Amino acid sequence: MAVELQGWDLGILKASADLSAYQFHGVKISATDFTAEPATAGAADGVLQNKPAAAGRACQVRRMGLTKVVLGGTVVAGYYGKTDASAHFVQADTDQDRYIVKFLEGGDSGDEVTALLECGFYNT
831 MAVELQGWDL GILKASADLS AYQFHGVKIS ATDFTAEPAT AGAADGVLQN KPAAAGRACQ
891 VRRMGLTKVV LGGTVVAGYY GKTDASAHFV QADTDQDRYI VKFLEGGDSG DEVTALLECG
951 FYNT
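For what it's worth, this note's numbering labels the leading residue of the sequence shown as 831, then goes sequentially.
Below is the structure:
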């Protein structure tokens, strides 16, 4: 069962579009707003906690602490995670992958699991 505790959240920037389908997905900071994480970036800046339903609405983005994340594939507890092209979380498994979370639970695609936010580069 996925859990979360109060962490350190940002709530000062606005959504660039309807992000209501991206709760617990990776988001990144653009020049002026939060947007869903693109594949080319390799890692998110945080995890969206709320469901901003239109452009201009406030995003609550977790930067530190425990959070729920939505998976894009099978993951194992204890492994590091990054975002995929759909802003879902997957295992970091390539040398020098930039990761943003450490999975505290295992799961499969579509599951919500608990993760600890921490950033770094995966070494094989």
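Note that beta-carbon positions come from the ideal geometry of N, C-alpha and C, so glycine has one too. All values reported here derive from a predicted model rather than from experimental measurement.
**OP:** Going by DSSP, name the residue or residues bridged to Q921.
**Re:** G911
Original post:
Anyone know if the C-beta pair for H918 and L901 falls short of 9 Å?
Top reply: yes
Subject >> Cβ pair R892, D839 closer than 9 Å >> reply: yes
**OP:** Report all residues from its chain with a CB closer than 8 Å to the CB of K932; omit the five preceding and five following residues, and keep chain order.
**Re:** G908, Y909, Y910, G911, A945, L946, E948
**OP:** Indicate the three-state DSSP secondary structure (helix, strand or coil) for Y852 in the structure shown.
**Re:** helix
Subject >> Per DSSP, the bridge partner or partners of A888 >> reply: K844
Original post:
So, are the CB atoms of D938 and T904 less than 9 Å apart?
Top reply: yes
Original post:
From which residue to which residue does the beta strand (DSSP E) around T944 run?
Top reply: 942 to 951
Subject >> Continuous beta strand (DSSP E) stretch holding K881: start and end >> reply: First-last for K881: undefined, no H or E at that position.
Subject >> Residue from A883, P882, N953 with nearest C-alpha to T924 >> reply: N953
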